[in-house]
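Chemist: In case it helps, my numbering puts the sequence shown at residues 3 to 301. Can you keep this structure in mind? I'll have questions shortly.
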Amino acid sequence: MELRVIGAPMDLGADRRGVDMGPSAIRYAGLSDVVDSVGMSHDDAGDLPVPRPEGRDPNAERPEGGNAKYLRETRWVCRRVESAVADAIEEGSVPLVLGGDHSVAIGSVNGAAQKQDIGVLWLDAHGDFNTPSTSPSGNVHGMPVAAMLGRGVFGDMSWANADIDEENVAMVGLRDIDAEERTAIRDSEVTAYTMSDIDSRGLVPVVEDALDAALDGVDALHTSLDMDFLDPDEAPGVGTPVRGGVTYREAHAAMELVAETGALSSMEVVEVNPILDSHNRTAELATELVASGLGERIL
Numbered sequence: 003m004e005l006r007v008i009g010a011p012m013d014l015g016a017d018r019r020g021v022d023m024g025p026s027a028i029r030y031a032g033l034s035d036v037v038d039s040v041g042m043s044h045d046d047a048g049d050l051p052v053p054r055p056e057g058r059d060p061n062a063e064r065p066e067g068g069n070a071k072y073l074r075e076t077r078w079v080c081r082r083v084e085s086a087v088a089d090a091i092e093e094g095s096v097p098l099v100l101g102g103d104h105s106v107a108i109g110s111v112n113g114a115a116q117k118q119d120i121g122v123l124w125l126d127a128h129g130d131f132n133t134p135s136t137s138p139s140g141n142v143h144g145m146p147v148a149a150m151l152g153r154g155v156f157g158d159m160s161w162a163n164a165d166i167d168e169e170n171v172a173m174v175g176l177r178d179i180d181a182e183e184r185t186a187i188r189d190s191e192v193t194a195y196t197m198s199d200i201d202s203r204g205l206v207p208v209v210e211d212a213l214d215a216a217l218d219g220v221d222a223l224h225t226s227l228d229m230d231f232l233d234p235d236e237a238p239g240v241g242t243p244v245r246g247g248v249t250y251r252e253a254h255a256a257m258e259l260v261a262e263t264g265a266l267s268s269m270e271v272v273e274v275n276p277i278l279d280s281h282n283r284t285a286e287l288a289t290e291l292v293a294s295g296l297g298e299r300i301l
C-alpha cells in the first residue's frame, strides 16, 4: 500500500497562530525518510489551500444561538480535505493528513467515511466535544468530534456531519475538558478514557479497549493524533499544551497498537506549532509516531 501525504496548513480553528506551519515542520523533520524506513511507498500531494485570517470577519457566518469563528472558511477547507482523503482511499492509498489545527479532522473523517464504515480513535488532551452553543471560545478546533457526530447545530451541516456511530468513537488521554463538554461526553455513547484511567490501568489495556470499541462492527480505522496527547515535556511545540500527558514510550505503544489492528485506513497528525517548539523536536516526534502507526517496531 502507498501512503499519501496531504498537508492542511489550517490555523483558523484556534486562537494561537503557528500551527499552519505544522505540515512544513513535519516534512522538514524527515517524514519521507521515516516512511521509507517502514518500507512503505509514499506520495506527497502537497498542501491544500487555506484562507488567511487577515482581513476576514471571524463571525461572518455565525450559527444561531452560538459562536464558531471562521465557520465559513472552515467549511471551505474541510470540504477540500474530505475530497482529498476520499480520493486517496478510492485509489488504494492510506491518507495521512498533516495539520494544522484539529478542525481539519472534520474533513478527514468525512472523507474516510464516504464509502466505508469506520471507527475513530481520538488521541488528545481535549474532548473536542463542544458545539457553537457550548464553546467558551468559539474556536472550532475544540468542536470536531461534536461536528462529525452531528451534535447540536452541526446536525444541519452536511459538510460536518459524518456517517459514523457514536459507539465507534473512542477518545484516549483526556485531561482538559470544559464543564458543558464533560456533561455531553458522559451522556453520549462515545467511549472516553482520561489520563486517570491510564494512571490506574496502564496505557496498553486502555488503548486496547478503545480500539475494540472503535472497531466494533466496522472494517476500518481512522486515527486522529493531536500532539498534545503527549506531555508538554515530550512535545512542547503544540497549540494548546496541557500538563500531565502520556510519555514518549506510551505514545509509541499506542501507535504500535493501532498498527497491530491491521485496520488503519486513514490518519492525521495535528496541532504541531513550530513557533513554540524547541529545535523542531515535536515535529520529529510526530514523524516517529507516524512510523509506529504504520508498523515500525524495535525488532
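Every residue, glycine too, gets a C-beta built ideally from N, C-alpha and C. No experiment lies behind these values; they were computed from the predicted model shown.
1) Thinking just about the alpha-carbon of each residue, which of 289, 166, 253 is nearest to the one in residue 126?
2) Is it a yes or a no for the stretch 25 to 32 touching the stretch 109 to 120, going by three-plus beta-carbon pairs under 8 Å?
3) Return the CA-CA distance between residue 169 and residue 191, expressed in angstroms with no decimal places.
4) Using 10 angstroms around the beta-carbon of residue 228, count the other beta-carbons present and answer buried if the total reaches 16, otherwise exposed.
5) Closer than 8 Å by C-beta to residue 238: which residues in its own chain qualify, once you throw out the five before and the five after it? Chain order, please.
6) Taking the straight line between their C-alpha atoms, what separation do you get for residue 243 and residue 272?
7) Which first and last residues belong to the beta strand (DSSP E) in which residue 6 is found?
8) Counting only runs that start and end within the stretch 187 to 260, where is the alpha helix (DSSP H) found for 4 or more residues in a row?
9) Could you work out which residue in 276, 219, 291 is closest to residue 248 when comparing CA atoms only?
10) Got a sec, what are the start and stop residues for the alpha helix (DSSP H) residue 25 sits in?
11) Between residue 68 and residue 134, which are expected to be in contact by the criterion C-beta below 8 Å, what is the C-beta distance as a whole number of angstroms?
12) DSSP three-state call for residue 266: helix, strand or coil?
13) Starting from the Cα of residue 54, find the closest Cα among 45, 90, 274, 13 and give me that residue.
14) Of the choices 233, 182, 296, whose alpha-carbon is the least far from that of residue 264?
15) Could you give the DSSP three-state label for residue 52: helix, strand or coil?
Modeler: In short:
1) The sequence position of residue 126 within the sequence shown is 124, counting from 1. Closest by alpha carbon: 253.
2) no
3) The residue given as residue 169 occupies position 167 in the sequence shown. The residue given as residue 191 occupies position 189 in the sequence shown. Each residue's alpha carbon lies about 5 Å from the other.
4) Counting from one through the sequence shown, the residue named residue 228 turns up at place 226. Classification of residue 228: buried, given that the 10 Å Cβ count is 16 or more.
5) As a first step, residue 238 is located in the sequence shown; it is residue number 236 there, counting from the start. If we look at residue 238 and ignore the five residues flanking it on each side, its Cβ neighbours are 278, 279, 280, 283, 284.
6) In the sequence shown, counting from the first residue as 1, residue 243 sits at position 241. In the sequence shown, counting from the first residue as 1, residue 272 sits at position 270. If I take the Cα positions, the gap works out to 13 Å.
7) For this step, residue 6 is matched to residue 4 along the sequence shown. Counting along the chain, the beta strand (DSSP E) containing residue 6 begins and ends at 4 to 10.
8) 197 to 203, 205 to 216
9) If you number the sequence shown from 1, residue 248 lands on position 246. Residue 248 has its Cα closest to that of 291, out of 276, 219, 291.
10) By one-based count along the sequence shown, residue 25 stands at place 23. 24 to 30 is the extent of the alpha helix (DSSP H) around residue 25.
11) Within the sequence shown, numbered from 1, the residue matching residue 68 stands at position 66. Within the sequence shown, numbered from 1, the residue matching residue 134 stands at position 132. Residue 68 to residue 134, Cβ: 3 Å. Contact.
12) Start at 1 with the first residue of the sequence shown, and residue 266 comes out as number 264. Strand at residue 266.
13) For the purposes of this step, residue 54 is taken as residue 52 along the sequence shown, with counting starting at 1. Nearest of 45, 90, 274, 13 to residue 54, Cα basis: 13.
14) As a position in the sequence shown, residue 264 is number 262, starting the count at 1. Checking every option, the nearest Cα to that of residue 264 belongs to 296.
15) Stepping through the sequence shown from its first residue, residue 52 is reached at position 50. If DSSP states are grouped into helix, strand and coil, residue 52 belongs with coil.
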